[in-house]
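Trainee: If you use this note's numbering, the sequence shown closes out at 783, no skipped numbers anywhere. Quick reminder that beta carbons are idealized off the backbone N, C-alpha and C, glycines included. Here it is, the structure in full.
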Amino acid sequence: MRKPFEVSLDNCHEEPIHIPGSIQPHGFLLVIAPQDLSVKYLSENLAELLETTPDNLLHTPLSEIVNPELIATIKEHQGSLEFFKINPVSVTLNHPSNAKLAMSAVLSECDGKVMIELERRAGSAMRHFDPVNYLVKHSLHSIIDAEELETVFSASVEEIRSLTQFDRVMLYKFDHEYNGEVVAEAKREDLNSFLKQHFPESDIPKQARELYIRNPIRLLADVDAGASPLYPQDQPVDLSTCILRSVSPIHCQYLRNMGVRASMSISIITAGKLWGLVACHHYSPHVVPFETREVAQYMGIMLSYLITLKTQSYDALREAKLLSLSASISERMSEEVFFTDGLRQNADTLMEMMNATGVAWCIEEEVECYGSTPSPEQVEAIATWIADNTLGNNYVYQSHQLGVENEAFAHLNDTASGVFLISLSVSCDLFLIWFRKEVMQTKNWGGKPEKVIEFLDDGSHRLMPRSSFALWKENVRNKSEPWEKAEISCAAKFRNTVINYVLAKSERLQKINDALEDMVRKRTEALEAEIISKEHAQTELAKALKASQESNRELERFAFVASHDLQEPLRKIQTFGTRIQRSKDAMDEDSAYYLGRMMDSANRMQQLIKGVLSFSRIHRRGNEFKYFNADSALREILDDLEILIADNDASITCEELGVLYGDKRQIQRLFQNLMHNSLKFTVPGLAPKIAITTTHKTEQFITVAVTDNGIGFDSAFAAKIFNLFERLHAKDSYEGTGLGLAICKKIVERHQGKIWADAEEGKGATFFITLPLAKVEPTAD
């Protein structure tokens with residue numbers, strides 16, 4: 003027998019409300035096996051109605067319980083998921099007394115089973131009720147004719163209350179965090195009002211919101227009615243599509259605390275997301291017939307459609323205005339020799355475009371700030387944190403509560419509660435960022451959003467839903483206005499404009515770099531001709547080395563700019579390739595194969611570009627050398643690799659290394675690359691084992707060994723593997739760019755250390771690294 007879920011307020015967010023194992027007692031349920039149309043599960047109250055036992059009905063052919071017409075209907079529509087077109091269906095049940103019990107049935111399919119929900123037939127007045135006629139003649143006119151959304155909201159709740167006869171009907175709108183606000187209300191005159199009051203996200207947990215999307219209408223006829231269990235209780239039965247599905251006891255207690263005895267919810271869905279609910283409350287038990295529910299549901303659909311239309315219209319007008327501002331800035335940028343002068347002259351327009359109180363950017367060498375912003379150093383710290391922790395593969399970051407997401411920036415709420423950053427480069431060292439000030443507001447809550455502790459007779463206690471719904475006010479701080487959809491779209495388009503100017507500047511730098519390379523070439527030729535003696539040769543070589551180092555730095559900058567330049571056409575290749583793959587147009591097998599090969603090559607090229615950028619930045623973008631705890635740094639790496647380690651069933655042991663001196667981030671990357679290799683080049687069927695040990699230690703340096711039990715390699719290639727783009731295995735066998743060990747070598751050399759390897763094919767590999775324990779100067783490239 004299935005063990006029931008013991009629900010409390012501590013775990014209600016985990017409650018499997020789609021498999022409650024019971025239904026509300028005002029109806030009956032049959033769960034039918036689709037193969038032979040036999041009874042697989044039933045509600046126990048149905049057996050009571052038919053004056054028999056659940057065992058007698060279990061596995062019984064449906065034809066022995068209901069009229070033949072229902073059997074034919076099920077066979078005709080089964081598997082088409084179109085039962086909603088014919089609901090409700092009139093049904094007669096075969097009673098032992100030879101009487102025919104007239105019922106209304108609602109059919110649905112869920113988890114491969116046919117659900118038959120039975121309710122007693124409505125009275126004669128309701129049987130003559132025409133849902134379509136009522137919808138057209140009454141409800142739609144008052145809703146559609148309204149011009150403003152607020153009027154639409156008010157008309158909708160009035161119509162639904164008139165139709166369903168609930169004591170209170172509210173339109174409940176979710177914000178971006180799924181807290182709710184009552185934006186319209188129709189009620190009995192003697193009831194207190196919840197209009198404009200807020201309710202916390204926890205009142206409607208995530209799993210409940212997901213079910214509201216799958217099943218757009220939900221009725222609870224009586225919170226105090228005992229549920230009718232399903233029989234048997236051998237396996238959980240998914241009742242997501244069942245209106246009769248019993249309700250969480252926590253939710254029932256919540257409604258009792260409000261004084262509500264019956265409720266009904268209608269989902270408002272826009273763009274596939276739950277926008278809000280029409281919440282109906284009654285202060286006594288209240289059963290709403292299917293015909294009435296059907297009209298209410300279609301009114302909800304119409305309301306969803308009107309909200310979508312009016313929201314899209316607002317967004318389009320807003321985006322058009324923002325694009326106009328963006329165009330004016332772009333025009334001014336095009337008129338200037340240096341496009342950044344155009345940005346400076348239009349900083350106010352740039353802030354207006356994003357409804358921001360400040361704007362800053364780093365496009366040249368320094369951070370520039372306009373309006374109300376943090377200091378340039380603080381702006382750079384924010385951008386660095388975003389790039390290191392939240393940006394990932396995206397180029398946009400937005401938040402309306404930066405201080406909540408990172409407490410280190412909480413003191414900047416007066417200038418930077420809201421942050422919107424667009425990265426203009428792969429590493430986010432070029433960026434444009436807007437700021438919004440904190441906006442203090444007073445929220446009216448429908449009761450204080452807190453948990454209440456109830457002490458039981460045995461001395462224990464439990465958390466219960468709050469029992470007070472009296473108006474409670476809260477001052478909300480540390481947040482700005484959220485960024486709108488139109489602002490996000492406009493910023494993305496403006497990013498492309500700025501990047502085009504950055505690329506044009508890169509082309510000029512490339513010409514300068516070409517000239518420098520030509521100068522180096524000519525100078526080298528001159529040096530070769532001038533070498534007469536060893537002393538003179540050494541002097542000239544020293545000069546050439548200095549010039550070559552300068553050239554390398556220029557080439558490194560060129561590699562960065564060129565690789566960045568390659569990103570845009572490569573991104574377009576990937577974008578258009580993805581669109582072709584998703585296209586509904588037919589594509590022959592060869593074309594699909596070649597397109598797949600092209601996309602694989604494009605993705606590999608992107609990884610190579612990123613690798614080249616990472617390699618070139620080791621010296622140029624390295625952090626200041628400092629003392630740091632190596633053991634803590636290794637633990638951070640293991641935390642980052644936790645999922646990969648678990649997926650490979652790997653074990654990693656680390657000896658204590660103590661305090662090292664150097665660039666902590668680069669040394670972490672060094673060990674991460676080596677551990678990645680050990681987890682990648684494994685023997686099939688053998689769990690990876692990695693050991694990090696100390697082999698030698700002096701006052702100045704420590705030698706660390708990273709040993710694994712992987713596939714190893716021929717020791718003849720021990721030096722070759724550290725070369726750029728060097729691979730010992732085919733790319734089809736193991737993923738990678740051939741840059742990982744080259745990056746490791748460059749990091750170690752920057753720390754004046756050494757790296758070498760010892761291995762044997764099929765018997766694992768050991769990588770030795772010497773790292774500084776005392777102060778050393780980072781080597782120049």
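Do Ile723 and Ala759 count as a contact pair if the criterion is CB distance below 8 Å?
Mentor: Contact flag set, yes.
Trainee: Return the CA-CA distance between Tyr214 and Arg497, expressed in angstroms with no decimal places.
Mentor: If I take the Cα positions, the gap works out to 38 Å.
Trainee: With distances taken from CA atoms, which of His413, Leu48, Leu352 is nearest Phe422?
Mentor: Nearest C-alpha to Phe422: Leu352.
Trainee: Going by Cα to Cα distance, which pick from Leu672, Tyr503, Val159, Asp641 is closest to Arg336?
Mentor: Strictly speaking, residue 336 in this sequence is Ser, with Arg absent from that position. Closest option to Ser336, Cα to Cα, is Tyr503.
Trainee: For Ile271, which of Tyr174, His283, Gln380 has the nearest alpha-carbon?
Mentor: Minimum Cα distance to Ile271 is reached at Tyr174.
Trainee: Rounding to the nearest angstrom, what Cα-Cα distance links Phe411 and Gln380 in this structure?
Mentor: Computed Cα separation, rounded: 9 Å.
Trainee: Going by DSSP, what residues sit across from Lys691 in a beta bridge?
Mentor: Paired residues: Ser653.
Trainee: Use the C-beta contact count for Leu165: other C-beta atoms within 10 angstroms, 16 or more gives buried, fewer gives exposed.
Mentor: Per the 10 Å Cβ criterion, buried.
Trainee: Could you spell out the range, first to last residue, of the beta strand (DSSP E) harbouring Lys628?
Mentor: Counting along the chain, the beta strand (DSSP E) containing Lys628 begins and ends at 628 to 631.
Trainee: What's the gap between the Cα of Phe86 and the Cα of Asn679?
Mentor: Spanning the two alpha carbons is a distance of roughly 55 Å.
Trainee: Please classify Phe578 as buried or exposed, where buried requires at least 16 other C-beta atoms within 10 Å of its C-beta.
Mentor: So Phe578 ends up on the exposed side.
Trainee: In this structure, does DSSP put Ser774 in helix, strand or coil?
Mentor: For the sequence presented, residue 774 should be read as Pro rather than Ser. Here Pro774 sits in strand by DSSP.
Trainee: List the DSSP bridge partners of Arg220.
Mentor: Answer is Ser267.
Trainee: Can you tell me the Cβ-Cβ gap for Pro376 and Ile384, rounded? I've got them flagged as a contact below 8 Å.
Mentor: Pro376 to Ile384, Cβ: 7 Å. Contact.
Trainee: What are the boundary residues of the beta strand (DSSP E) that His284 is part of?
Mentor: It spans 275 to 284 - the beta strand (DSSP E) in which His284 sits, taken as one unbroken run.
Trainee: Spatial neighbours of Gln37 within its chain, please: CB distance less than 6 Å, with the 5 preceding and 5 following residues excluded, ordered by chain position.
Mentor: There are no such residues.
Trainee: So for Arg247, helix, strand or coil by DSSP?
Mentor: In the structure shown, Arg247 sits in a strand (DSSP, three-state: E or B).
Trainee: Less than 8 Å between the beta carbons of Leu109 and Leu52, yes or no?
Mentor: Cβ atoms of Leu109 and Leu52: not closer than 8 Å.
Trainee: To the nearest angstrom, how far is it from the Cα of Tyr285 to the Cα of Ala188?
Mentor: Each residue's alpha carbon lies about 14 Å from the other.
Trainee: Taking Gly714 and Glu762 to be in contact with their CB atoms under 8 Å, please state how far apart those CB atoms are, rounded to whole angstroms.
Mentor: At roughly 5 Å, the Cβ-Cβ gap stays under 8 Å, so Gly714 and Glu762 are in contact.
Trainee: Are there three or more Cβ pairs, one per stretch, closer than 8 Å when the segment 313 to 323 is compared with the segment 283 to 300?
Mentor: Segments in contact, no.
Trainee: Using DSSP with H/G/I as helix, E/B as strand and the rest coil, what is Val670?
Mentor: According to the sequence provided, residue 670 is Gln. The question's Val does not apply to it. Note: Gln670 maps to helix in three-state DSSP.
Trainee: Here's the rule I'm using: 16 or more other beta-carbon atoms within 10 Å means buried, otherwise exposed. How should Phe1 be labelled?
Mentor: Here the chain covers residues 3 to 783 and nothing more, so residue 1 does not appear.
Trainee: What residues match up with Arg170 in a beta bridge as DSSP calls it?
Mentor: Answer is Lys189, His283.
Trainee: Could you compute how far the alpha carbon of Tyr233 sits from the alpha carbon of Asn58?
Mentor: Rounded to whole angstroms, Tyr233 to Asn58 spans 11 Å at the Cα level.
Trainee: Contact defined as beta carbons within less than 8 Å: I believe Val33 pairs with His61. What is the distance between those atoms, to the nearest angstrom?
Mentor: Actually they do not touch by this definition, with Cβ atoms about 12 Å apart.
Trainee: Please state if the CB of Pro56 and the CB of Glu71 are separated by a distance shorter than 8 Å.
Mentor: Cβ atoms of Glu71 and Pro56: not closer than 8 Å.
Trainee: What number of angstroms, rounded off, separates the C-alpha of Ile25 from the C-alpha of Ser92?
Mentor: If I take the Cα positions, the gap works out to 21 Å.
Trainee: Go through its chain and collect everything with a Cβ distance to Ala223's Cβ below 7 Å, but skip five positions before and after it.
Mentor: These residues qualify, in order along the chain: Gln26, His28, Ala264, Pro287, His288, Val289.
Trainee: Closer than 8 Å is the cut-off here; do at least three beta carbon pairs connect the segment 325 to 339 with the segment 239 to 259?
Mentor: Output reads no: the segment 239 to 259 does not touch the segment 325 to 339.
Trainee: Using a C-beta cutoff of 8 Å, does Thr526 count as contacting chain D?
Mentor: Absence of chain D from the displayed structure is noted, only one protein chain being present.
Trainee: Which residues mark the beginning and the end of the alpha helix (DSSP H) in which Tyr307 is found?
Mentor: Its alpha helix (DSSP H) spans residues 292 to 337.
Trainee: Rounded to whole angstroms, what is the Cα-Cα separation between Leu640 and Lys691?
Mentor: One C-alpha to the other measures close to 14 Å.
Trainee: Near Asn675, what residues of its chain come up, given a Cβ to Cβ distance below 8 Å and the 5 sequence neighbours on each side ignored?
Mentor: So the qualifying residues of the chain are Gly742, Leu743, Ile745, Cys746.
Trainee: To the nearest angstrom, report how far apart Gln702 and Gly660 are at their CA atoms.
Mentor: Approximately 13 Å, taken between the alpha carbons.
Trainee: Verify whether the separation of the beta carbon atoms of Phe433 and Trp363 is less than 8 Å.
Mentor: Yes, Cβ-Cβ distance for Phe433 and Trp363 is below 8 Å.
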